[in-house]
Amino acid sequence: MIEIPSDLHKDLVPLAFLLGNWAGAGVHDFPGSEKCNFGQEVAFTHDGRDFLEYRSHTWVLDNDGNKVRPLESEHGYWRVDADRKVEVTMTRDDGVIEIWYGELADKKPQIDLVTDAVARTASSQPYTGGKRLYGYVKSDLMWVGEKQTPEVELRPYMSAHLKKVVTPEEVERWAKALPDDMPDDGIAFFK
-19 MIEIPSDLHK DLVPLAFLLG NWAGAGVHDF PGSEKCNFGQ EVAFTHDGRD FLEYRSHTWV
41 LDNDGNKVRP LESEHGYWRV DADRKVEVTM TRDDGVIEIW YGELADKKPQ IDLVTDAVAR
101 TASSQPYTGG KRLYGYVKSD LMWVGEKQTP EVELRPYMSA HLKKVVTPEE VERWAKALPD
161 DMPDDGIAFF K
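In structure tokens form, the structure reads like this:
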């Protein structure tokens, strides 16, 4: 279910499907790096202004699904204009700053992004750009990222399947919003 908060800036309504806290797992595979499964926590929040704040933390998982060590972290800001064009500024923990542009798909919650500009610190690994695809599928958030370096052509390197994290406060708010005439046994509700 996609909720649109009453205090969400009107320009951000097309991005409302991203809002919330998400958690899940994915696969990381890029030449020169360790191939691994990873866990991920993502938050898309807003404060009433015309952007979403984005935070992502990933960590390597062992074969039993336990956290081994941090993989990478990102922090950024997402905007969308009246023509459904999306712009993202992002800072990564490895010393890379990116500007991404893309657009929302027509009539579905999907965003295609491509890097427009990349700045790197002297200590960061070689990186020249990337692509990302985000989609809201059956109430889950899925994404795939591609990247390229001077030595490696553009190719997929990370993808994840994330589930919405529901807080006790959200459950309480939803429970209070249920109609007063719900059947006592709950079964009749589904007939």
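Residues in the sequence shown are numbered from -19 upward in steps of one, following the numbering used here.
Quick reminder that beta carbons are idealized off the backbone N, C-alpha and C, glycines included.
This one's a predicted model, so the numbers in the text were calculated from it and none came from an experiment.
Unbroken beta strand (DSSP E) run spanning residue i, endpoints
i, result
"T95", "90 to 100"
"H55", "47 to 60"
"Q128", "120 to 128"
"T108", "That residue, T108, is in no beta strand (DSSP E); it is neither H nor E in DSSP."
"H8", "0 to 8"
"M(-19)", "From DSSP, M(-19) is part of no beta strand (DSSP E); its letter is neither H nor E."
"G28", "Here G28 belongs to no beta strand (DSSP E), and DSSP marks it neither H nor E."
Best match in the options for proximity to residue i [C-alpha to C-alpha]
i, options, result
"K139", "S13, V98, L(-12), D9", "With the sequence shown as reference, residue 139 is identified as Ser, and Lys is not the correct amino acid for it. If we check each option's Cα against that of S139, D9 comes out closest."
"L(-1)", "K143, R153, E152, T71", "K143"
"A85", "A99, K65, P50", "K65"
"G45", "S36, V94, F18", "F18"
"V76", "V60, R59, G82, E54", "E54"
"R112", "D96, I(-16), V48", "D96"
"F48", "L(-8), Q20, E(-17)", "Residue identity check: residue 48 is Val in the sequence provided, not Phe. When each option's Cα is compared against that of V48, the closest is Q20."
"L121", "L(-5), S(-14), A99", "L(-5)"
"H26", "C16, R59, H37, E67", "R59"
"E14", "P50, L(-8), E33", "P50"
"E52", "S119, R72, K88", "R72"
"L32", "H(-11), V98, N43", "H(-11)"
"D63", "N1, W39, D(-9)", "D(-9)"
"S(-14)", "A23, G12, V7, R29", "R29"
"G110", "K118, P11, Q128", "Q128"
"L134", "T108, H37, S104, M70", "T108"
Chain C contact for residue i (CB, 9 angstroms cutoff)
i, result
"V40", "No chain C appears in the structure shown, which is made up of a single protein chain."
Bridge-paired residues (DSSP) for residue i
i, result
"N43", "Answer by DSSP bridge pairing: none, since N43 is not bridged."
"T71", "H55, I77"
"R135", "K127"
Presumed contact (8 angstroms Cβ cut-off) between residue i and residue j, rounded CB distance
i, j, result
"A3", "L41", "That pair is no contact at about 12 angstroms."
"P106", "P130", "5 angstroms"
"D92", "E83", "6 angstroms"
"L34", "Y57", "At residue 34 the sequence reads Tyr, which differs from the Leu that was named. Confirmed, about 7 angstroms."
"P89", "F(-3)", "4 angstroms"
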